Amino acid sequence: MDLPVFHLDFLGNRFLIAMIAVLHVIINHAMAVGAIPLIALMEWWGKKTGERRWDDLAYQILTVCFVITTTFGALTGVGIWFSTSLVNPYAIGSMIRVFFWAWFAEWIIFVSEVVLILLYYLLWKRWQGEWKRYHIALGGVLALTSWLTMAIIVAILGYMMDVGNWTHEKSIATAILNPIYLPQLAFRTPLAMMTAGFFSLFLTYFFTRKEDPFQSAAARWISLWSLGWAPLCLAGGIWYWKAVPDSMVGNLAVALGTQAFEGRYNVILDILLVSFLLALVTLLWSAVKPSRMPRFVLIIPFAVAIVSLGYFERVREFIRKPYVISGYMYANGIRVDDYPLLNQNGVLPYALYADAKEVTEENHLQAGKEVFLIACTRCHTTNGVNGILARLETMYGSDRWDRDTVLMYLKGMHNVRPYMPPFPGNNAELGALVDYLFSLRAYPAPIKGAQTADGSSIRAEKTYDDNTRG
Amino acid sequence: MESLSTLPIPKDIPLPLPVESYNLQISIIFLFLLHILFVNLMVGGSLFVVVLEWMGIQKPAYDRLARRIAETITVNKSLAVVLGVGPLLVINVLYTIHFYTANALTGVAWLMVVPVVAIAFLLGYAHKYTWDRLAHQKGLHIAIGAGAALLFLIVPLIFLANINLMLFPSRWTQVGGWVSALAIPNVIPRYLHFLLGSVAVAGLFFAGYFTVREFPEDQIDQLLDRPKVRQMFYSIALAATAANFLAGPLLLFTLPAEGLSWKLAGIISCGVVLAFIVILILWKEIIVPQQTSATRFYWMAALLTGTVVLMATGRHVYRESAISQHRLAMAGETLAYTSMVGIANWRISQGLEMEEGGGARSPGEKVFDNVCAVCHALDKRLVGPPLTEIAQTYPNDVAGIIKWVKNPGRKRADYPQMPAITLTESQHQAVAQYILDLVSGKGQEEEKEGE
Chain Y
1 MDLPVFHLDF LGNRFLIAMI AVLHVIINHA MAVGAIPLIA LMEWWGKKTG
51 ERRWDDLAYQ ILTVCFVITT TFGALTGVGI WFSTSLVNPY AIGSMIRVFF
101 WAWFAEWIIF VSEVVLILLY YLLWKRWQGE WKRYHIALGG VLALTSWLTM
151 AIIVAILGYM MDVGNWTHEK SIATAILNPI YLPQLAFRTP LAMMTAGFFS
201 LFLTYFFTRK EDPFQSAAAR WISLWSLGWA PLCLAGGIWY WKAVPDSMVG
251 NLAVALGTQA FEGRYNVILD ILLVSFLLAL VTLLWSAVKP SRMPRFVLII
301 PFAVAIVSLG YFERVREFIR KPYVISGYMY ANGIRVDDYP LLNQNGVLPY
351 ALYADAKEVT EENHLQAGKE VFLIACTRCH TTNGVNGILA RLETMYGSDR
401 WDRDTVLMYL KGMHNVRPYM PPFPGNNAEL GALVDYLFSL RAYPAPIKGA
451 QTADGSSIRA EKTYDDNTRG
Chain R
471 MESLSTLPIP KDIPLPLPVE SYNLQISIIF LFLLHILFVN LMVGGSLFVV
521 VLEWMGIQKP AYDRLARRIA ETITVNKSLA VVLGVGPLLV INVLYTIHFY
571 TANALTGVAW LMVVPVVAIA FLLGYAHKYT WDRLAHQKGL HIAIGAGAAL
621 LFLIVPLIFL ANINLMLFPS RWTQVGGWVS ALAIPNVIPR YLHFLLGSVA
671 VAGLFFAGYF TVREFPEDQI DQLLDRPKVR QMFYSIALAA TAANFLAGPL
721 LLFTLPAEGL SWKLAGIISC GVVLAFIVIL ILWKEIIVPQ QTSATRFYWM
771 AALLTGTVVL MATGRHVYRE SAISQHRLAM AGETLAYTSM VGIANWRISQ
821 GLEMEEGGGA RSPGEKVFDN VCAVCHALDK RLVGPPLTEI AQTYPNDVAG
871 IIKWVKNPGR KRADYPQMPA ITLTESQHQA VAQYILDLVS GKGQEEEKEG
921 E
C-alpha cells in the first residue's frame, strides 16, 4: 500500500511471473543442473573408451547448453527477481530481509557456477591429453555447483510454502528443516537429470547421422541415463505429493487445473501419469532400437518434460495460497497482522498514493477502483487472464448479478474458497468495490498500472460512472 | 528543496535489516564497482569491435584486432550479469521501498532488460561464431555486431533511470514510465559520464591486454604491431578521460540539490586529481612510445581504480544524504503504523471488538452467515440453488446435507462446482439443522399468511 501499483491488465501479473519462471526452470533443469553431469559423464566415457566421438558429441551438446544458459538461462533468472519484485514487492522485500545470507550464499555459488562453465566450455579444446582428467573434474565441480544453486533456492521456495514458523523464527535453518524441502529436492533432482537426457537425445539425432552406428550407441547411452533416473523421479514425485501439508491439500484439485477443472482433477493426474509412461516407452524404444527411432517422436518426451515442469511449478505456486508467505502475508501482499486495523479503518487511509482516502458518495467508483488495485490485482485482471468479470460471470451468469449478492460473496469468499484471502478493507470499501465491479461490467475499461504514462502512482484514468449502483 | 510534508512518505517493511546498514553500504560500493568494471569492458569492448571491424574493411589488421576483442566479450558479458546480482541484492535490502517504487514506475522498461540483454548476448554469439562464414558479407556481419552494441547502449539507460528516480521522492507522483523518468535532468549527463568512463576503462584494459597477452605473429602485420595497438588504446583512454572532465561537471551541475554536500565535493575532487595524474601519464606514454613501461601501466590502472572508487563513494554519499531526511520520516510513519496495528490486534485478542451484526446468534446461524450465505439464499438462486430446493432434496435429512457439503458432486450443468466445505463436526451438524429449520420456518409463516 506504500508503493505505486505495477499492473498488467491483459496478461495478468501472475502470468508474467509464470512465463519467465517456467522458461527459467526448463533451461535450468534441462540444460544446466541435469545436463552438466550428463556431459561430464559422456566426456569421461569418451576418455575411457578412447572413442573420440563421445568427446565431440559432448562438446556439441555443451555448446548448445552454453549458448542458451548464458543468455536466456541467466537472464530469466534475473527476470524472476525483477518480475516478482514488481508484482509482489512486499513478499520479496520481506523474504530478502530474512533470507539475506541464503541469497548471498546463492549468489556466491552462482558466480562460481558462471566462472566454472566459462572455464569448462572455453578450455575444452585446450585441456587435452594430460590435462583431460582435470577438465573432466572441472565438469564434476561445475555439476555440483549447479545443483547447489538449485538446492538453496528450493529451501527458500519450500519455506514460503510450509506453514512453518516464519512468525517466530525467521531463519534459514527452519527453511531447510521444513517438511517439504527434502521431498521437493528429491523430486527436482532426478526430474532435471531425466529432462536433460531428453534434451540431449533430441540433440544427438541432429548432431549425428542416421547411417552412422555411433548414433545408435549414443542414443542408447543417453536413453539409459534417463531411464536410470526415472524410478527416482517417480519415487520423489510421490514423496513430494505426500509431503504437502494437509492444510494445503484441499487446494490441490484447483491447483492442478483451473477452477473449471476442479472435478476433473483425477483425470489430469492420470494424464500426467500417462505422459510419464509415454516418455518411458519412448526412452525404452530408443534404448533398444535406436536406429528405428524417427526424430519427431523425440519431441514427445521433451514436450512431456516441459509440460510436467510447468505443472509442477503451477502446483507449487498454487498450494501456498491464500498466502504468499505462509501464515504471514496474503497473496495480495498484506500481512495477516494488518487485517484487524484495515478491516476496521479501511485500506484507503493507509494507501499512500490513493486519491480517495475515504469512500464518499462522489468518489465511490474511484475509491472502488483503488481498492481493486490494492486488494485484487496481484492475481486478477479486469478482463484479461484470470479476469474478475469472467470469474463473477461463472457464478452469476448474465442475469443474477445483484449488488447484495456479490457483496455477500466478497465478504465471505475466503470461507468457501480457501485459496482466496479475506477482503482486507472495511464495509464502506467493500461496497465501493462492488460498485466499481458493476460499473466495470457496464463499461469494461482496462485498469492501468503505475508504469504507464497516465497511471502515475496508483491513480488511473477517471472511472466511468454510469449509475449502475444499487 | 521541497518541504517534507509534500513528499510521499511510505512505510518501510516492518522487519529489521539482516546486516548492519554500515556494512551493507560498504559492500554495495565494492560489489557495484566489480559489476560496473565488467559492464565497462562489455560496453566499451563491443563499441571497439564495431568501429575496428568497420576500419578492417580498408585494413585487414583491424579486422583481426576486432575479432580478438570480440572474444573477450564472451567472458566479460557473463561476469557483468552475474556480478550484477550481488549489488541488486544489497539494493533490495538497503533501499527496499525507494527501489521498488522506482521499479514500479518504470516497470515495463525494467522488465525489458531481460529480453534485451538476452538478445544482445545471442547477437554477440552470432557475431563471434559467424566471423569466417560471413567474411564476404561484411556489411551484414558488422550489422550483427552493431545490433548487439546498440542494445548494450540502451540497457544502462534503463538502469540509470530507475536507480536515479529512486533518490527523488518528490518525483514519484509525477513520473509514469521510463521516458518520463529519463526526463529528470541529471540522467542524460550521468549516462554520458558512464559511457565515456566505459570507453576509458576498456581502452586502458585493452592497452594492457594486448601488451601482456601473447599476440601470434600471423595476427599482426607491419602496419599494426604491438606498440601501435597499445598507443591507439592509450589514446582512446586519454580522449575519453579528458572528455569526462566536461561530462563530470555537467553531471554535478544537473544533480538535484537534495544530496549535495562539502563531503561529496571533497571526495569527488580527490577522484579528479587522480584522474588528472592518469591523463599526464597517458600523455607521456603516447608521445614517447619507445620508453613505455609495464610499471607505468599498472600505476595508471591503480590510479584509475582509485578515481572510480572515489567517484562511486561520492555517488553513494550523495545517495545517502539525498534520502536521509526522507528515510527518517519513513521510520516515523512505520512506527506509527505498527503501533496502530499492534493496538488493533490487542483489541481483538481482548475480545474488545464486537462482532459485526452482534446479538445472540445460534452457532448454526453464525456458520450460515459466514460460509453458506456467500452462495445460497433462502428462496432464490445466488451462485448455488436456494435453500428451499435443498430442503426438498434432503427432507429432514441432516446427515445427507452434511455428506454432500463435505464432498459435493456436480448435479446441474448450468451451476458452477461447489467447493468442499471443512467445518468442525458440531458446526456441520448445527448449520445443516439451521438450514432445514429456516426453510420449515418459512413454510410455517406462509401457512399462517394463508390462514
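Residue numbers (the working numbering), protein chains in the order written: chain Y, 1 to 470; chain R, 471 to 921. Even glycine gets a Cβ: it sits at the ideal position worked out from N, Cα and C. Everything numeric in this text was worked out from a predicted model, so none of it was measured.
Contact note: N415 of chain Y reaches chain R through N840, V841 and V844, using a C-beta cutoff of 7 Å and chain order. The contact set of D337 of chain Y on chain R, defined by CB atoms closer than 8 Å, consists of V811 and N815 in chain order. In the DSSP annotation of this structure, the continuous segment of the beta strand (DSSP E) that includes V324 of chain Y starts and ends at Y323 to I325. Within the region 382-417 of chain Y, the complete alpha helix (DSSP H) segments of 4 residues or longer fall at 388-396 and 403-416, listed in chain order. Judged by DSSP secondary structure, Y205 of chain Y falls within the alpha helix (DSSP H) whose first and last residues are Y181 to F207. Residues are counted here when their Cβ sits less than 9 Å from a Cβ of chain Y; for the region 622-652 of chain R these are W642, T643, Q644, V645, G646, G647, W648, V649 and S650, given in chain order. Distance from V5 of chain Y to A574 of chain R at the Cβ level is roughly 7 Å; contact confirmed, criterion being Cβ atoms closer than 8 Å. In this structure, A143 of chain Y sits away from L224 of chain Y, with a CB-CB distance that is not shorter than 8 Å. Within the model, the alpha-carbon separation for K132 of chain Y versus L298 of chain Y is close to 32 Å.
Here DSSP, grouped into helix, strand and coil, assigns H846 of chain R to strand. Taking every protein chain shown into account, the CB of W816 of chain R has fewer than 16 other CB atoms within 10 angstroms, so this residue is exposed.
Taking C-beta separations shorter than 8 Å and ignoring five residues to either side along the sequence, S809 of chain R has no partners in its chain. For I96 of chain Y, the nearest CB of chain R lies under 8 Å from its own CB, placing it at the interface with that chain.
The beta carbon of R400 of chain Y sits closer than 8 Å to some beta carbon of chain R. The beta carbon of E106 of chain Y lies closer than 7 Å to those of T149, I152 and I153 in the same chain, with the five residues before and after it left out.
Here H597 of chain R is not near I624 of chain R, since their CB atoms are 8 Å or more apart.
The Cβ of G412 of chain Y sits closer than 8 Å to at least one Cβ of chain R. Short of 7 Å from the beta carbon of L283 of chain Y, and not among the five residues preceding or following it, lie these beta carbons of its own chain, in chain order: S223, S226, L227 and P301. By the criterion of at least three beta-carbon pairs nearer than 8 Å, the region 7-19 of chain Y is not in contact with the region 43-55 of chain Y.
Contact of D2 of chain Y with chain R by beta-carbon distance below 7 Å involves P480, K481 and I567. In the structure shown, the three-state DSSP call for R851 of chain R is strand.
Taking CB atoms only, P856 of chain R has no neighbour in chain Y less than 8 Å away. Inter-residue distance for A243 of chain Y and S146 of chain Y is about 25 Å (C-alpha atoms, whole angstroms). The criterion of a C-beta distance shorter than 8 Å is not satisfied by V347 of chain Y and V324 of chain Y. Closer than 8 Å to the CB of P488 of chain R there is at least one CB belonging to chain Y. For L504 of chain R, the enclosing alpha helix (DSSP H) stretches over residues S491 to G526.
Under a 10 Å Cβ-count criterion, S739 of chain R is classified as exposed, with fewer than 16 other Cβ atoms of the shown protein chains found around its own Cβ.
In this structure, R320 of chain Y sits near S326 of chain Y, with a CB-CB distance shorter than 8 Å. Only buried fits K481 of chain R, as 16 or more other CB atoms lie within 10 angstroms of its CB.
If you draw a 10 Å sphere on the C-beta of V274 of chain Y, you find fewer than 16 other C-beta atoms in it, and that means exposed. Rounded to whole angstroms, K881 of chain R and T69 of chain Y show a C-alpha spacing of 50 Å. Around the beta carbon of H663 of chain R, a 10 Å sphere encloses 16 or more other beta carbons of the protein chains shown; the residue is thus reported as buried.
The Cβ atoms of I483 of chain R and Y90 of chain Y sit closer than 8 Å to each other.
In the three-state DSSP reduction, M420 of chain Y falls in the coil class, being neither helix nor strand. No residue range can be given for G50 of chain Y, since it is assigned to no alpha helix (DSSP H) and is classified by DSSP as neither H nor E.
Each residue's CA atom was taken as its position, placing T892 of chain R and A354 of chain Y some 37 Å apart.
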